[in-house]
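Trainee: When you number the sequence shown by full-length UniProt numbering, it's gap-free, plus one each residue, and the end is 291. Here it is: the structure, laid out below.
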Amino acid sequence: MAEELSVLPSWQDGEIKNTIIKFVADVKNPKNINFVEAKDRIAVFDNDGTLWTEKPCYFQESFIRYSQHQPNCSEKAEKGATSLTVEELIPMDGQVKEGMTVDEYKAEARNFLTTSKHERFDRPYVELTFKPMIELLDYLRQNDFQVYISSGGGIDFIRSFAEDAYSVPPQNVIGSAILTKFELREGKPVLVRINELVKPMNDKKGKPVGIERYIGKRPIMAVGNSDGDLQMLQYTDDHQGHDLMMLVHHDDPDREYQYDEGAECALTEADVRGWSVISMKNDFIKVFGWE
1 MAEELSVLPS WQDGEIKNTI IKFVADVKNP KNINFVEAKD RIAVFDNDGT
51 LWTEKPCYFQ ESFIRYSQHQ PNCSEKAEKG ATSLTVEELI PMDGQVKEGM
101 TVDEYKAEAR NFLTTSKHER FDRPYVELTF KPMIELLDYL RQNDFQVYIS
151 SGGGIDFIRS FAEDAYSVPP QNVIGSAILT KFELREGKPV LVRINELVKP
201 MNDKKGKPVG IERYIGKRPI MAVGNSDGDL QMLQYTDDHQ GHDLMMLVHH
251 DDPDREYQYD EGAECALTEA DVRGWSVISM KNDFIKVFGW E
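Following this line, the structure appears as structure tokens:
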């Protein structure tokens, strides 16, 4: 009984929590018709809006604006400007940070995320991870899942913090990438960022491409929150065997944010295909670990 109570403690008891627990129990039980060998228990998660907050703009945009001494995203919105899309963000990141080594970029990103604070919550950006989702990542790993992040955001940006924040090592992070080149700088071998994109970007139709490129197997579980994750969910849903697709729905304006914009197609598809929709308002006992 105590063990049952300790499973996903920041999740409300109900359909979504039960679905997760049953799915995991089924795929790890050799006597169950839905058993999946540990080597094939692969789960992929989006990052922005799925594992941490993505408002008032992607935190990678906040990082770029900070490094360019530009107004933050809330001040930008007050002037009527919209946040950058992934398609706009990654090329800008490549341009602004061209010539930096990968290690320099990661160090700068990590410093920003741990020292700069979110304008609404007044907490370092790295503390804006969703506690229930962290518990889910841990729960899956405890049951021999290989957990990957597949994000439209920059791969170097996410790798700068993912191991500390999510216990996801760099080699398990898939993201949009900037080309690099090898150089010797003062006799030291380094990789230098070039202002050129690796195509396709790891968003929308590019996500299944990235999964095949980096993992080489189709996942049995995929979790996202927006239309940018739709193709990843569709790709996973076509897995030959037991699988689970989930969408995080932002419907809690008091503790986080409320919006459907940018997720309309994914929510419609979830309804048609019977994917699980996680209500932040109803399924999360806590949103953030510091609450």
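Yeah, the Cβ is synthetic: ideal placement off N, Cα and C, and Gly gets one too.
What are the uninterrupted segments assigned as beta strand (DSSP E) that are 3 or more residues long and contained completely in the region 167-222, given in chain order?
Mentor: Here the runs fully enclosed are 173-176, 178-185 and 188-197.
Trainee: Give, in chain order, every unbroken run of the alpha helix (DSSP H) that is at least 4 residues long and sits entirely within the region 8-67.
Mentor: You should have 15-28 and 59-67.
Trainee: Determine, for Gly-206, whether the minimum Cβ-Cβ distance to residues of chain C falls below 8 Å.
Mentor: Although the question refers to chain C, the structure presented lacks it and comprises just one protein chain.
Trainee: Tell me the DSSP bridge mates of Lys-117?
Mentor: DSSP, once it has assigned bridges, lists Pro-124 as partnering Lys-117.
Trainee: Does DSSP put Val-287 in a helix, a strand or coil?
Mentor: In the structure shown, Val-287 sits in coil (DSSP, three-state: anything other than H, G, I, E or B).
Trainee: Assuming Ile-42 and Ile-215 make a contact with CB atoms under 8 Å, what is their CB distance in whole Å?
Mentor: At roughly 6 Å, the Cβ-Cβ gap stays under 8 Å, so Ile-42 and Ile-215 are in contact.
Trainee: Let me check understanding here. Comparing Cα to Cα, which of Ser-151, Thr-129, Arg-110 and Lys-117 lies closest to Gly-228?
Mentor: The residue with the shortest Cα to Cα distance from Gly-228 is Ser-151.
Trainee: In whole angstroms, give me the CA-to-CA distance for Leu-184 and Trp-290.
Mentor: For Leu-184 and Trp-290, the distance between alpha carbons rounds to 44 Å.
Trainee: In three-state DSSP terms, what is Gly-153?
Mentor: In the structure shown, Gly-153 sits in a strand (DSSP, three-state: E or B).
Trainee: Please work out which residues of its chain come closer than 8 Å, Cβ to Cβ, to Glu-3, disregarding the five sequence neighbours upstream and downstream, and give them in chain order.
Mentor: Confidence in Glu-3 is poor, its pLDDT being 48 and thus under 50, which makes the residue's placement unreliable; the coordinate value appears in the next sentence. Nothing meets the Cβ criterion.
Trainee: Which residue's Cα is closest to the Cα of Lys-286: Gly-224, Thr-129, Ala-165 and Val-198?
Mentor: Comparing Cα positions, the closest option is Thr-129.
Trainee: In three-state terms, what does DSSP make of Gln-70?
Mentor: It is coil, neither helix nor strand.
Trainee: With a cut-off of 8 Å on the beta carbons, I'd call Leu-113 and Val-126 a contact; round off their distance for me.
Mentor: About 4 Å separates the two Cβ atoms, so the contact holds.
Trainee: Tell me the residue span of the alpha helix (DSSP H) that contains Met-100.
Mentor: Element bounds for Met-100: n/a, residue is neither H nor E.
Trainee: How many angstroms separate the CA atom of Met-1 from the CA atom of Tyr-139?
Mentor: Legend: pLDDT at Met-1 = 36, less than 50; position of this residue unreliable, value from coordinates given subsequently. About 17 Å.
Trainee: Identify the residues that DSSP records as bridge partners of Gly-224: which are they?
Mentor: Leu-247.
Trainee: If contacts are defined as beta-carbon pairs under 8 Å, then Phe-284 and Trp-11 qualify, I think. What distance do you get, rounded to the angstrom?
Mentor: Confirmed, Cβ separation roughly 7 Å.
Trainee: So Glu-87 and Met-201 are in contact, right, with Cβ under 8 Å, and what is the actual spacing, rounded?
Mentor: Sure, about 7 Å apart at Cβ, within 8 Å.
Trainee: Assign Asp-243 to buried or exposed, taking buried as 16 or more other Cβ atoms, counted over all protein chains shown, within 10 Å of its Cβ.
Mentor: Buried, by the Cβ-count rule.
Trainee: Return the CA-CA distance between Tyr-259 and Gly-224, expressed in angstroms with no decimal places.
Mentor: Cα to Cα, Tyr-259 sits roughly 15 Å from Gly-224.
Trainee: For Glu-256, does the three-state DSSP call read helix, strand or coil?
Mentor: Glu-256: coil per DSSP, three-state reduction.
Trainee: Note down, in chain order, each residue of its chain lying with its Cβ closer than 6 Å to the Cβ of Tyr-235, except the 5 sequence neighbours on either side.
Mentor: Here the set comprises Pro-208.
Trainee: Going by C-alpha distance, which of Ile-194, Asp-252 and Gly-241 is nearest Glu-37?
Mentor: Considering only alpha carbons, the answer is Gly-241.
Trainee: Give me, in chain order, the residues of the same chain whose beta-carbon lies closer than 6 Å to that of Lys-281; leave out the 5 immediate sequence neighbours on both sides.
Mentor: Closer than 6 Å at the Cβ level, and outside the excluded window around Lys-281, lie Asp-251 and Asp-252.
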